[in-house]
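For reference, the structure is listed below as structure tokens.
2 protein chains.
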Amino acid sequence: MNKVVIFGVGLIGGSFALALRKEQAVHEFVGFGRSAASLEQAKQLGIIDRIGDDVAREVCDADLILLATPVAQMAELFARIAPHLGTHTLVTDGGSTKCDVVAAARANLGDKIAQFVPAHPIAGAEKSGAAAALADLYQAKKVVLTPIPENSKETVARVRKAWELCGAVVSELTPQQHDEVFAAVSHLPHLLSFALVHDLAQRDNRDQLLSFAASGFRDFTRIAASSPEMWRDISLANRDALMREVKRYADELYVVYQALENKDAAKLEEIFSLAREVRNTWSQQ
Amino acid sequence: MNKVVIFGVGLIGGSFALALRKEQAVHEFVGFGRSAASLEQAKQLGIIDRIGDDVAREVCDADLILLATPVAQMAELFARIAPHLGTHTLVTDGGSTKCDVVAAARANLGDKIAQFVPAHPIAGAEKSGAAAALADLYQAKKVVLTPIPENSKETVARVRKAWELCGAVVSELTPQQHDEVFAAVSHLPHLLSFALVHDLAQRDNRDQLLSFAASGFRDFTRIAASSPEMWRDISLANRDALMREVKRYADELYVVYQALENKDAAKLEEIFSLAREVRNTWSQQ
Chain D
1 MNKVVIFGVG LIGGSFALAL RKEQAVHEFV GFGRSAASLE QAKQLGIIDR IGDDVAREVC
61 DADLILLATP VAQMAELFAR IAPHLGTHTL VTDGGSTKCD VVAAARANLG DKIAQFVPAH
121 PIAGAEKSGA AAALADLYQA KKVVLTPIPE NSKETVARVR KAWELCGAVV SELTPQQHDE
181 VFAAVSHLPH LLSFALVHDL AQRDNRDQLL SFAASGFRDF TRIAASSPEM WRDISLANRD
241 ALMREVKRYA DELYVVYQAL ENKDAAKLEE IFSLAREVRN TWSQQ
Chain V
1 MNKVVIFGVG LIGGSFALAL RKEQAVHEFV GFGRSAASLE QAKQLGIIDR IGDDVAREVC
61 DADLILLATP VAQMAELFAR IAPHLGTHTL VTDGGSTKCD VVAAARANLG DKIAQFVPAH
121 PIAGAEKSGA AAALADLYQA KKVVLTPIPE NSKETVARVR KAWELCGAVV SELTPQQHDE
181 VFAAVSHLPH LLSFALVHDL AQRDNRDQLL SFAASGFRDF TRIAASSPEM WRDISLANRD
241 ALMREVKRYA DELYVVYQAL ENKDAAKLEE IFSLAREVRN TWSQQ
């Protein structure tokens with residue numbers, strides 16, 4: 001590729017650039033972002049070659065554009081790039097919800113919607129910012145593409161290729177499937193962990209309670225230390241699927257409650273045994 | 001101490017012996033247990049000096065008896081030792097619930113109830129059995145004593161001293177307080193984690209779901225790999241407190257659900273922020 005333009009040169013965007021650079025797959029990286037200081041840092045770190053100052057000019061001849069900003073900013077970015085996208089230019093993103101990003105793209109890309117192939121890289125983000133970017137962040141990590149009906153096969157293949165060059169294992173789901181899957185295995189657990197700590201936090205004896213919390217509590221609540229703003233946005237962006245999951249979980253919890261109420265030892269053991277078996281099988285894969 | 005008798009020479013009982021042995025605090029350790037092979041192993045490993053074969057004889061002149069079996073076996077053990085306890089002999093245990101153990105002791109120790117000081121060592125148990133026993137298992141770990149009104153100060157002090165010799169940081173709660181605290185910070189999280197995996201396990205698309213589960217899921221569900229039998233017993237032993245916790249958690253979950261339903265971004269952020277703050281403060285202590 002001759003030119004890749006990245007909006008948001010933080011952990012996700014910066015690592016994308018470093019990974020493609022390592023493969024010598026791109027001639028030039030141009031970065032846009034809200035903070036001049038962090039763009040300057042990204043340039044100093046050799047992540048981008050240039051800081052963009054004219055979206056129209058940079059976007060018209062780009063091979064690929066990555067939107068790696070918070071999802072809430074993407075609608076505006078789609079609107080800014082839409083008038084200037086070259087016919088050859090493809091767009092992908094790094095957002096962790098997909099139906100809302102697709103809706104924003106549809107609303108703002110107009111007849112260029114076919115050039116956008118949504119993506120969700122499943123890569124840890126304990127740190128953030130350009131300084132945290134790593135050339136191997138995506139190595140052997142999953143990236144989920146959620147192509148839309150308008151995408152041509154060739155378009156999807158080109159975006160897939162870019163993520164594969166980053167070392168990612170790429171799979172495909174529909175945007176709807178994606179959001180349902182992640183509501184169940186990621187968004188719900190985060191919500192449950194936040195809720196547990198929030199409940200304890202409101203009690204008069206919270207210090208006493210926490211003084212006896214041990215390693216099980218530590219593991220269970222690690223994700224309750226995640227960014228409140230990011231999880232507020234994800235929760236709302238994937239609200240419908242997440243509400244279904246919370247409802248479903250409340251039903252499951254009631255089953256456990258009833259087993260306790262009925263002193264049903266066999267039922268409790270059955271629930272715990274199946275959970276352990278599935279959890280262990282999964283973790284050994 | 002001249003003689004310590006241990007019922008159940010596994011991780012908890014074996015580590016207790018090794019820790020006291022390291023301090024040269026005891027002249028002789030005698031072990032009882034259900035499996036002759038594992039007692040033999042404990043002897044080979046230098047954990048106990050002798051395998052007991054006559055409860056009456058070993059118990060009458062022991063300084064301290066530790067019941068380190070599953071809680072479900074303790075009632076029977078209290079009954080077996082009760083007629084033979086020397087006047088100087090004290091009893092403690094290693095069970096993770098306390099009201100039920102106290103009830104079993106009251107029912108079976110008769111007028112010797114004052115000689116029993118309940119204890120709960122908070123020490124990890126990824127492995128089990130005599131071979132997993134460690135001299136430093138209790139080093140800097142919390143042990144909660146839950147004295148009963150019948151205990152004299154001197155009796156509690158002697159049992160406390162034994163656990164402190166093991167390196168433990170000893171604190172005291174009433175049995176009731178203990179069970180309420182651990183329902184909140186340990187038993188409930190285990191139940192929630194089991195419930196999440198159990199819910200996923202029953203779905204038609206569970207393999208697809210699990211194929212996208214990542215590190216957050218891994219942390220959250222680590223405790224769902226715990227022993228189903230042990231957690232069945234703990235759940236039932238601490239049933240009343242645990243049912244209250246599940247109810248309370250369901251209420252909390254409904255608050256989160258309503259925030260989603262009302263698209264209440266501020267409320268979600270408030271919940272997540274307080275949770276993160278409390279979780280981070282706790283983990284830095």
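Sequences listed follow chains D and V, in order. At position 241 of the first sequence the residue is numbered 241 (our numbering), and the sequence of numbers has no breaks. At position 155 of the second sequence the residue is numbered 155 (our numbering), and the sequence of numbers has no breaks. Note that the Cβ used here is the ideal one computed from N, Cα and C, for glycine as well.
Of all residues in the stretch 208-223 of chain V, those with a C-beta nearer than 9 Å to a C-beta of chain D are Gln208, Leu209, Leu210, Ser211, Phe212, Ala213, Ala214, Ser215, Gly216, Phe217, Arg218, Asp219, Phe220, Thr221, Arg222, Ile223, reading in chain order.
Closest in alpha carbon position to Ala130 of chain D, among D:Glu76, D:Gly14, D:Leu188, is D:Gly14. In the DSSP assignment, Pro118 of chain D falls outside any alpha helix (DSSP H) and carries neither an H nor an E. When DSSP assignments are scanned along the stretch 60-120 of chain V, the uninterrupted stretches of beta strand (DSSP E) that are 3 or more residues long and fall wholly within it turn out to be 64-67, 90-93.
Taking C-beta atoms as the reference points, Leu188 of chain V and Val144 of chain V fail to come closer than 8 Å. Collapsing the DSSP output to three states places Ile6 of chain D in a strand.
Sequence-ordered contacts of the stretch 255-277 of chain D with chain V read Val256, Tyr257, Leu260, Glu261, Lys263, Ala265, Leu268, Glu269, Ile271, Phe272, Ser273, Leu274, Ala275, Arg276 [C-beta pairs closer than 7 Å]. Annotation: Cβ neighbours of Lys142 of chain V in chain D (cutoff 9 Å, chain order): Ser211, Phe212, Ala214. Between Ala25 of chain V and chain D, the shortest Cβ-Cβ separation is not below 8 Å. A distance of 8 Å or more separates the beta carbons of Ala68 of chain D and Val4 of chain D. Chain-ordered, the chain D residues with CB closer than 8 Å to the CB of Met243 of chain V read Tyr257, Leu260, Glu261. Assignment of beta-bridge partners to Leu145 of chain V by DSSP yields V:Ala119, V:Glu172. In this model, Ser283 of chain D and Asp111 of chain D are separated by some 44 Å (Cα to Cα).
Rounded to the nearest angstrom, the Cβ distance from Leu11 of chain D to Ala132 of chain D is 5 Å, consistent with a contact under 8 Å. Under the 8 Å criterion on CB atoms, Val185 of chain D is classed as interfacial with respect to chain V. Boundaries of the alpha helix (DSSP H) around Gly13 of chain V: 11-22. In the three-state DSSP reduction, Glu150 of chain V falls in the coil class, being neither helix nor strand.
Per the coordinates, the alpha-carbon of Ser35 of chain V lies some 31 Å from the alpha-carbon of His178 of chain V.
Secondary structure at Ile51 of chain D: strand, using DSSP grouped into helix, strand and coil. Contact annotation: Phe194 of chain D and Ile113 of chain V have beta-carbon atoms that are not nearer than 8 Å. Against chain V, a Cβ distance below 8 Å from Leu20 of chain D picks out nothing, because the smallest value is about 23 Å.
Within its own chain, the residues whose Cβ lies closer than 8 Å to the Cβ of Leu260 of chain V, once the five positions on either side in sequence are excluded, are Leu268, listed in chain order. Under the Cβ criterion (8 Å, minimum of three pairs), the stretch 195-202 of chain V does not count as touching the stretch 46-58 of chain V. Ile47 of chain V and Ala104 of chain V have their C-alpha atoms some 28 Å from each other. Close to His84 of chain D, with beta-carbon spacing below 7 Å, lies no residue of chain V; the smallest spacing is near 32 Å. Setting aside the 5 residues that flank it on each side, Cys60 of chain V is surrounded in the same chain by His84, Gly86, each with a C-beta closer than 6 Å to its C-beta; the list follows chain order. Residue environment: Lys127 of chain V is assigned as exposed (fewer than 16 neighbouring CB atoms within 10 Å of its CB, all protein chains considered). Per the C-alpha coordinates, the member of V:Cys166, V:Phe182, V:Thr281 positioned closest to Ala224 of chain D is V:Thr281.
Using a 10 angstroms sphere on the CB of Val255 of chain D, the tally of other CB atoms stays under 16, which defines it as exposed. The beta-bridge partner set that DSSP reports for Glu28 of chain D consists of D:Lys3. Any Cβ of chain D closer than 8 Å to the Cβ of Asp199 of chain V would place that residue at the interface, and such an atom is present. Among the residues of the stretch 132-162 of chain D, those with a Cβ less than 9 Å away from any Cβ of chain V are Lys141, Lys142, Val144, in the order of the chain. Non-local beta-carbon contacts of Leu134 of chain V in its own chain, meaning distances under 7 Å to residues more than five positions away in sequence, involve Ser15, Leu18 in chain order. Rounded to the nearest angstrom, the Cβ distance from Thr146 of chain D to Lys98 of chain D is 5 Å, consistent with a contact under 8 Å. The beta carbon of Phe7 of chain D is closer than 6 Å to those of Phe32, Leu67, Thr69, Leu77 in its chain, skipping five residues each way along the sequence.
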